[in-house]
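Number of protein chains: 2
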Amino acid sequence: MSFKQLVRALPAAAWLPGYRRDQAAADLVAAVIVTIMLIPQSLAYAMLAGLPPEVGLYASILPLVAYALFGSSRTLAVGPVAVVSLLTATAVSRVAEPGSAEYIGAALVLAALSGALLFAMGALRLGWIANLLSHPVVSGFITASGILIAASQLKHVLGIDLQGHNLPALLGSLARQLDAINPETVMLGVAAIAFLFWVRSRLRPLLARTGLPPFAVEVITKAGPVVAVVVTTLAVAGFGLNDAGVRIVGAVPGGLPTVSLPPFSPALWLELAPAAAIISLIGFVESVSVAQTLAAKRRQRVDPNKELLGLGAANIAAAFSGGYPVTGGFSRSVVNFDAGARTPLAGVFTAIGIALTTLLLTPAFHYLPKATLAATIIVAVLSLVDIGALRRVWRYSRCDFAAMATTIVVVLAIGVETGVLAGIGVSIALFLWRTARPHVAVLGRVPGTEHFRNVERHEVITSASVLSVRVDESLYFANIRFLEDYIYDRVVTAPGVTDVVLLCSAINQIDASALEGLEALNRRLSDAGVRLHLSEVKGPVMDALERTDFLAHLTGEVFLTHFEALARLDPEATPQTAAPNPVPIDNERARR
Amino acid sequence: MSFKQLVRALPAAAWLPGYRRDQAAADLVAAVIVTIMLIPQSLAYAMLAGLPPEVGLYASILPLVAYALFGSSRTLAVGPVAVVSLLTATAVSRVAEPGSAEYIGAALVLAALSGALLFAMGALRLGWIANLLSHPVVSGFITASGILIAASQLKHVLGIDLQGHNLPALLGSLARQLDAINPETVMLGVAAIAFLFWVRSRLRPLLARTGLPPFAVEVITKAGPVVAVVVTTLAVAGFGLNDAGVRIVGAVPGGLPTVSLPPFSPALWLELAPAAAIISLIGFVESVSVAQTLAAKRRQRVDPNKELLGLGAANIAAAFSGGYPVTGGFSRSVVNFDAGARTPLAGVFTAIGIALTTLLLTPAFHYLPKATLAATIIVAVLSLVDIGALRRVWRYSRCDFAAMATTIVVVLAIGVETGVLAGIGVSIALFLWRTARPHVAVLGRVPGTEHFRNVERHEVITSASVLSVRVDESLYFANIRFLEDYIYDRVVTAPGVTDVVLLCSAINQIDASALEGLEALNRRLSDAGVRLHLSEVKGPVMDALERTDFLAHLTGEVFLTHFEALARLDPEATPQTAAPNPVPIDNERARR
């Protein structure tokens, strides 16, 4: 592939050449609004990740440009987000001391690994892997992470140092330090939290009643954190609260990020790989769902595999420009969309806005109290907590509830990574458990027809010597033994039976375990003096069976129709009276 | 439950009260033959597990009695087996030094844990969990274990000390000790292996040609190891080969096992728990498949959950009588069955036989060379190696081949436990991957009927404004996004479409993720100006949907039949001409 072809393959090639002035105006307006929202978020989420504030800003510059070139969503706003920051803190603090240069380096490694993984998944078209994260698990994870993040940020609101990555550890740590709480910090933090909650819950309806357009209401509400930052910074600087123990952001180095290289240590990369995989999955799921929701509003599409490439590029960019793992943010993307962003160039303009911030504004952050940043995080993540979802899911399905509850409990009690894995494990196990017992019915003939129906539901004629069984599921390793035992048990309890016919019309696939199970059933039935027959086997299944010696060992036959089987095996109970079914057959790819 | 009720609930209550003299005679004959076979096996498998020879004998006494009371198979012969001995050696040597008292104690813990797990699984009716071990994984596991066991026993045939629990380690260890090989041991070992192979492959047809009854041929062949043991023991004792470096079993304490208590150390129990889980699963799968095969030959049944109780009781008995983990052995059970065993009392008689052996025969084992025991193991396990299965599975299914090959490679390269887990993981992942892309078809109406068929297979009439889609699978977390994208993509590329009707006749279940996905699809379609309808929803699915607010948000309607939907949404393309289908409907539990 030449460079020209490569460039043309970029998603940006679809919109960049025809870029118009009216699009530019719309993108610019959206970028200004997103920038205002992103500045305090960048600083706060970097703090949540245990990183210096400038790392959050750096993660909001080049990654946005990379995503604009490679991503397939027109309006996704990429950058640091709460959940990924928490995952970063958990993973990196296992391998390095917070505040050390190694800690920053490990965050770079995490971004590089996560970027490489996302990019590889996109190139190999493995986007479907994200489907393993079932909705109850994601929903439970976000709720529990919200609680955990809020708990972890309490330290900044109270002016103490909490340790731990789960609720028992954080609360235990809190209980031991109650006497170290700094009153000035608490006042500032509580005031900021109260103000932000007020903006969210009261100011919005108030503004709406003034007749302002809904979008303006949205922008003013989203600017709440900026107001909190400005006011509390001025308060600290004016009253010298930092001398009274209020912790401040302090000196933030100005200037653009320089090229960074993630430290090369195979042991470190290996150690961080599992965490990078979880970060990639969670980040991708969060990102792609908001991207698809927004794309639908303009009847556009988002290709999950291209999205992986875009997020991969963004994270690699983060790794080489002093950032940390990023993904598409939910509220930020919605604001970008509502503000009228038309193309990913809005993201580039946002990146320029953040770049200007690092060049010009960093001195202004010196007296910014950490309590304010913690307040913005707490208010943001508590809005993600959705305890009601537990009740809704419980009402809908006990299995899904179990997956969700497991995720929440394990995230809170042990930690985020274990929680996600436990949730995935439980949802897969419950799915296997459900499909392990397929619906199986003993059949009888509907009088006067060639149709066979469940004896428990219909008035049908059964044969004393031929047992007719239908299974409503493809056969695979987890359910074959159930079918084997079901049929064998019915034969053992019905001494007159000499033949079993398995109606295979609903079987789309038989895996090697199921084939082995059918062979075992055939042997067991044969040892008990009973023949096994199949009927209405679909073409592809028959093709597969013919590649084995199963049919050679089969004691019975394979019949085209179930009626034919009964007519041959028990002609007295099955007179040739009924007319054939006039409906066209829809066995996809059926040969017989 | 009173003691009387408890006794009556035992499987033994079904056969013990009516026990007849002719049954006793048959059981006794079978017991004598199995005992002869079991003596060298007990000594050999204990050696394979890294345990003193008497532990193998102890594991063949009380566990057999416990199984006779609790097990549901009439003819399963329980005791030490090769694969479980290898798993025991792997697990126990991680926590204790071979040859130490701690090592023997850890083996007791493993038996106790494994017994408790099996018993709990039986009581909770969790026998289906064993289905997670797909056939390719079990088959690959047994082949690879056979190779690994044979490699690990080479040390006894060569008279050296090999270290390691995987092939690279064993071979590396061998390469470093080539100069330490003991020629006398090699001569003895190779002669024993050659003799045992000759018995298996040549003696059998030779005896068959003499006109001996097949059962007698079988018994003589199975006595091969006993002959090898007797001859080589006499050779060592007579020629003083033990002074020439041939390692012998040495002093075996005589007398019955005393009551033992597995050491109580929570840390040790916790450390051995995962290994106990794997041993339980593997042992159960091996045992239940042979039990079911044999039961079928007499039209009897084996209840997997009762089997779990029986094996659980056997292992708990092993833990309290100085044994180690046991399970049902394949060839031993077949011999027991063929020798005419009628009831589990054959197992009790076998136990008495082994008990007499420990009382009277142990001095005779003093000069028994370890090389002979290793030879019996090597010949036994190499018969389990089935490389041809790889080719057969490859021909049948690439996915199943991948699971099998993964299991074999990981068992050989890393170890037995990791290998089993990797195999289970791969087979579950491949199953999810296969069901993650269900068969979806765009439908059109068969002219002159009310039937709708795949547009790619049939000559059908389609509507320009209504898209008809059918999905042939229940909807769940791993496949909902595929359906969502499939439908949405078709709508985006067909600008005239205003309505989508999803034919739900094949959907048996919609989990919470799929519900969420349908809601998201409904929103996305709505944002794109398209309504979503459902048709032919099964009763239980409808019940579940009605417990949510999905139907309130649905932009379209739920139609009883797909034809009705089309007749209403696009009446011009769907004239009311066709006659209704006369076939009775078989929506199980359908309300509509």
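Those protein sequence lines, which keep their order, are chains B and U. As numbered in this note's numbering, residues 1 to 592 make up the first sequence, in order. As numbered in this note's numbering, residues 593 to 1184 make up the second sequence, in order. Even for Gly, the Cβ is constructed at its ideal location relative to N, Cα and C.
Taking the beta strand (DSSP E) that residue i belongs to, which residues open and close that run?
| i | result |
| --- | --- |
| Phe197 (chain B) | That residue, Phe197 (chain B), is in no beta strand (DSSP E); its alpha helix (DSSP H) goes 183 to 198. |
| Ala1086 (chain U) | Note, Ala1086 (chain U): premise wrong, no beta strand (DSSP E); not H, not E. |
| Val626 (chain B) | Because residue 626 (chain B) is not part of the residues shown, which for chain B are 1 to 592, the question remains open. |
In this structure, does DSSP put residue i in helix, strand or coil?
| i | result |
| --- | --- |
| Asn454 (chain B) | strand |
| Gly105 (chain B) | helix |
| Arg983 (chain U) | helix |
| Thr548 (chain B) | coil |
| Gly328 (chain B) | strand |
| Pro961 (chain U) | strand |
| Val977 (chain U) | coil |
| Pro603 (chain U) | helix |
| Ile1053 (chain U) | strand |
| Leu241 (chain B) | helix |
| Val302 (chain B) | coil |
| Asp1135 (chain U) | helix |
| Thr574 (chain B) | coil |
| Gln177 (chain B) | coil |
| Glu689 (chain U) | coil |
| Asp161 (chain B) | coil |
| Ser852 (chain U) | coil |
| Gly803 (chain U) | coil |
Nearest to residue i by alpha carbon, out of the options?
| i | options | result |
| --- | --- | --- |
| Met713 (chain U) | U:Ile1016, U:Ser685, U:Leu900 | U:Leu900 |
| Gly915 (chain U) | U:Ala859, U:Leu848, U:Glu1048 | U:Leu848 |
| Phe284 (chain B) | B:Asp511, B:Ala144, B:Ser72 | B:Ser72 |
| Phe355 (chain B) | B:Ala31, B:Ile220, B:Gly146 | Looking at the sequence shown, residue 355 (chain B) is not Phe but Ala. The residue with the shortest Cα to Cα distance from Ala355 (chain B) is B:Ala31. |
| Ala888 (chain U) | B:Val217, B:Glu54, B:Leu521 | B:Leu521 |
| Leu1095 (chain U) | U:Asp1064, U:Ala994, U:Ser1118, U:Pro1087 | U:Asp1064 |
| Ala743 (chain U) | U:Leu951, U:Ala967, U:Pro845, U:Ala938 | U:Ala967 |
| Ala1104 (chain U) | B:His533, B:Ile61, B:Ala402, B:Gly164 | B:Ala402 |
| Leu965 (chain U) | U:Ala618, U:Val819, U:Phe807 | U:Val819 |
| Arg74 (chain B) | B:Ser333, B:Ala191, B:Phe197 | B:Ser333 |
| Leu154 (chain B) | B:Ala144, B:Ser134, B:His135, B:Ile181 | B:Ile181 |
| Arg392 (chain B) | U:Thr1140, U:Leu668, U:Pro1087 | U:Thr1140 |
| Asn758 (chain U) | U:Leu750, U:Ala767, U:Trp720, U:Ala736 | U:Ala736 |
| Ala77 (chain B) | B:Thr88, B:Leu132, B:Leu62, B:Leu86 | B:Leu62 |
| Ala1086 (chain U) | U:Ala1056, U:Leu1110, U:Val1093, U:Leu1075 | U:Ala1056 |
| Ala313 (chain B) | B:Phe141, B:Ala514, B:Ala116 | B:Ala116 |
| Gly353 (chain B) | B:Pro214, B:Ile36, B:Leu545, B:Leu10 | B:Ile36 |
| Ile1072 (chain U) | B:Trp128, B:Gly329, B:Glu54, B:Ala107 | B:Trp128 |
Just list the residues that DSSP pairs residue i with in beta bridges.
| i | result |
| --- | --- |
| Val1093 (chain U) | U:Ser1060, U:His1125 |
| Val558 (chain B) | B:Leu534 |
| Leu1067 (chain U) | U:Ile1102 |
| Ile840 (chain U) | U:Pro961 |
| Val670 (chain U) | U:Gly920 |
Going by DSSP, what residue range makes up the alpha helix (DSSP H) through residue i?
| i | result |
| --- | --- |
| Gln884 (chain U) | 858 to 889 |
| Gly738 (chain U) | 727 to 750 |
| Asp22 (chain B) | 21 to 48 |
| Arg594 (chain B) | Residue 594 (chain B) falls outside the range modelled here, since chain B spans only 1 to 592, and no answer is possible. |
| Thr407 (chain B) | 398 to 413 |
| Ile428 (chain B) | 416 to 435 |
Residue i: beta carbon under 6 Å from a heavy atom of the ligand ZN?
| i | result |
| --- | --- |
| Arg200 (chain B) | Only the bare structure without any ligand can be found here, which leaves the ligand ZN out of the picture. |
Contacting positions in the region 121 to 148 of chain B - beta carbon closer than 7 Å to chain U: Trp128, Asn131, Leu132, Ser134, His135, Pro136
What residues in the region 362 to 393 of chain B have a beta carbon less than 9 Å from any beta carbon of chain U? Arg392, Val393
Check distances from the C-beta atoms of the region 473 to 489 of chain B to those of chain U and list, in chain order, the residues that come in under 9 Å. Glu473, Ser474, Tyr476, Phe477, Ala478, Asn479, Ile480, Arg481, Phe482, Glu484, Asp485, Tyr488, Asp489
Interfacial residues, the region 524 to 553 of chain B to chain U, with Cβ spacing under 7 Å: Arg524, Asp527, Ala528, Ala544, Arg547, Thr548
Closer than 8 Å between beta carbons: that is the criterion. Which residues of the region 1095 to 1113 of chain U meet it against chain B? Asn1100, Gln1101, Asp1103, Ala1104, Ser1105, Leu1107, Glu1108, Gly1109, Ala1112
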